[in-house]
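K.L.:
The sequence shown lines up with residues 5 to 433 when you count with my numbering.
Positions of the beta carbon are idealized from the N, C-alpha and C atoms, including for glycine.
Please see the structure below; I have some questions.
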Amino acid sequence: MAVLPDELWQIVFYRATDNPARREWEQDGPLELQPFETFREDADRESANEALGMKACISVVCSRWRRLSSKFLFEDIRIRHGSFALARKLEERINPTSNITFGEYARRIIIPVDTSGVWHKTLEVNARRILAACQNTLILARRYESFRTRFPRSRNSRKTAIDDVQMPKLRRVDWNNSPAHHQRRDKHGLPTFVWEAPSLEILSVSDFMVESRRRSLFGMEFPWCPSGKVNALSPTSLTSIHTLRLDCWVDHDTLVEILGKENRLPSLRRIVINVSQGAAFSLFSRCIAIQGAQLQVVEIANREPIWIRSLWKDVLVSCPNIQSFDLDIAHFTVEKDSVPNGSLKEIKLFMRKEDFPNRNVHAPLSVNREAAIYNKLMSIIKDTALFPQLNRIELHGTGWTSVYKESLKDLEEAAEKRNLLLSLEPIDV
């Protein structure tokens, strides 16, 4: 095995450390969120963690393996303890004659929500060094991780500001904008360098607390960009963002400032709303009222019980150029009629087996709901005047094959007669 050429070893290491996250930065063209990515994240995160374990094993075998796999070892970094050793390694040159450092191989960095200190604008000193060493980072995520509550770091840990960090190639930011503990603090938003990233394409903001399995109200109390920062933004800030995902309650006035003032998001083409309860309708209405004419993809992803009256009508009327409407099955049958739309080409529906709990116990209710979903889907397929450009319906999730084992064939036959592609994506998330 030792006689294998370096090129083959690198292929082996690439395949051994492969994971779904790598697809995000390897794809050609603009970065894209997968449909219903909110529900894929746990599975993808587990796969990425397995890849990290494999990288650790490769790195300790021998210096040759470590050298040949260096491009993959540091592509996906987790900042967990502000490691001095990691910061020093990332600042190190790959060999004495090269100007390339290991940090230049980094493509994604994940920072856990800090449980101490000035959470909104500082990091541990070595964590800042890590960010500064990784100038080619494309994806930055700030996530709530449970180990930080089990092993909180001291409030006296040395901290340093991060607002002036430079990440010029940043293309995607997934930011949990809540402090780790439920305590009232002053209002602050995302670090300034996020807003000033010239190539930012995807911005996701959340306040989801993993430990409590519920959403907080931090989006209302801690807006992700206070009006003071909005007014200070340069004319070129945010102009490359094509996807905005709101996975939290947000300050509505701030949202209007971002979306409406001087058309700050001229490239916005897709919006994903994952907000629970009644706030969803108000937030959703403001978004499409301001940006509807330029939106091509609208995704309503929240899974909590909510009824948005006239959902289909509002989307199709306010978004005349919409091409794809993606929604959870909970929002599919909320109204009987839909208005015609001449631009809609795709409908994506997500359903899990868990969406029909206790089917044997509550058979009448379950059967009625199944029938309502089936009837509406069949009517959309058959009514060519409703969406004349419709050419694809994607059914995502395990619920379709488990609940509609027999009727799926009827749907497929109806779709075939219309020359419409009906595809199944039975992901188990």
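Could you tell me if E200 is buried or exposed, where buried requires 16 or more neighbouring beta carbons within 10 angstroms of its beta carbon?
P.N.:
To locate residue 200, count along the sequence shown from 1; it is residue 196. It is buried - the Cβ of E200 has at least 16 other Cβ atoms within 10 Å.
K.L.:
For N345, which of P324, M382, T105 has the nearest alpha-carbon?
P.N.:
If you number the sequence shown from 1, residue 345 lands on position 341. With distances taken between Cα atoms, N345 lies closest to P324.
K.L.:
Does the Cβ-Cβ distance between K349 and E398 come in under 8 angstroms?
P.N.:
Here residue 349 corresponds to residue number 345 of the sequence shown, with the count starting at 1. Here residue 398 corresponds to residue number 394 of the sequence shown, with the count starting at 1. Their beta carbons are not under 8 angstroms apart, which means K349 does not touch E398 by this criterion.
K.L.:
Our contact map puts I62 next to S73 with C-beta atoms below 8 angstroms; I'd like the distance itself, whole angstroms only.
P.N.:
Numbered from its first residue, the sequence shown carries residue 62 at position 58. Numbered from its first residue, the sequence shown carries residue 73 at position 69. At roughly 5 angstroms, the Cβ-Cβ gap stays under 8 angstroms, so I62 and S73 are in contact.
K.L.:
Sort R112, L269, L390 by Cα distance to T247 and report the nearest one.
P.N.:
Start at 1 with the first residue of the sequence shown, and residue 247 comes out as number 243. For T247, the nearest C-alpha among the options comes from L269.
K.L.:
Name the DSSP beta bridge partners of W316, please?
P.N.:
The sequence position of residue 316 within the sequence shown is 312, counting from 1. In the DSSP output, where bridge partners are listed per residue, W316 has none listed.
K.L.:
Among S102, G107, T402, D80, which one has its Cα closest to the Cα of D332?
P.N.:
In the sequence shown, residue 332 corresponds to position 328, counting from 1. Of the candidates S102, G107, T402, D80, the one whose C-alpha sits nearest the C-alpha of D332 is T402.
K.L.:
Checking the sheet assignment: what are the DSSP bridge partners for V301?
P.N.:
As a working mapping, residue 301 is identified with position 297 in the sequence shown. DSSP, once it has assigned bridges, lists R274, S328 as partnering V301.
K.L.:
Would you tell me roughly how many angstroms separate the C-alpha atoms of S328 and T164, rounded to the nearest one?
P.N.:
Sequence index remark: in the sequence shown, residue 328 carries index 324 (1-based). Sequence index remark: in the sequence shown, residue 164 carries index 160 (1-based). For S328 and T164, the distance between alpha carbons rounds to 43 angstroms.
K.L.:
So which of R111, A131, T240, V343 has the shortest CA-CA distance to K173?
P.N.:
Indexing the sequence shown from 1 puts residue 173 at position 169. Taking only the C-alpha atoms, the option nearest K173 is R111.
K.L.:
I'd like the list of long-range same chain contacts for A91, defined as Cβ closer than 7 angstroms, with 5 residues on each side in sequence excluded.
P.N.:
On the sequence shown, position 87 is the one that residue 91 refers to. Hits under 7 angstroms: N130, R133, I134, A137.
K.L.:
Helix, strand or coil: how does DSSP classify E429 here?
P.N.:
Residue 429 sits at position 425 when you count from the first residue of the sequence shown. In the structure shown, E429 sits in a strand (DSSP, three-state: E or B).
K.L.:
Quick one, are the C-beta atoms of F336 and H400 less than 8 angstroms apart?
P.N.:
Within the sequence shown, the letter at position 332 stands for residue 336. Within the sequence shown, the letter at position 396 stands for residue 400. For F336 and H400, no; Cβs fall outside 8 angstroms.
K.L.:
So which of I245, F391, N278, S411 has the shortest CA-CA distance to S271?
P.N.:
As a working mapping, residue 271 is identified with position 267 in the sequence shown. Comparing Cα-Cα distances from S271 to each of I245, F391, N278, S411, the minimum goes to I245.
K.L.:
Considering only residues of the same chain and omitting the five flanking positions on each side of L8, which have a CB-CB separation below 7 angstroms?
P.N.:
For the purposes of this step, residue 8 is taken as residue 4 along the sequence shown, with counting starting at 1. No residues qualify anywhere along the chain.
K.L.:
Distance check for D32 and S427, CA to CA, integer angstroms please.
P.N.:
In the sequence shown, counting from the first residue as 1, residue 427 sits at position 423. In the sequence shown, counting from the first residue as 1, residue 32 sits at position 28. C-alpha separation (whole angstroms): 24 angstroms.
K.L.:
In angstroms with no decimal places, state the Cα-to-Cα distance between A389 and T243.
P.N.:
Position 385 of the sequence shown, counting from 1, holds the residue named residue 389. Position 239 of the sequence shown, counting from 1, holds the residue named residue 243. Straight-line Cα distance between these residues: approximately 36 angstroms.
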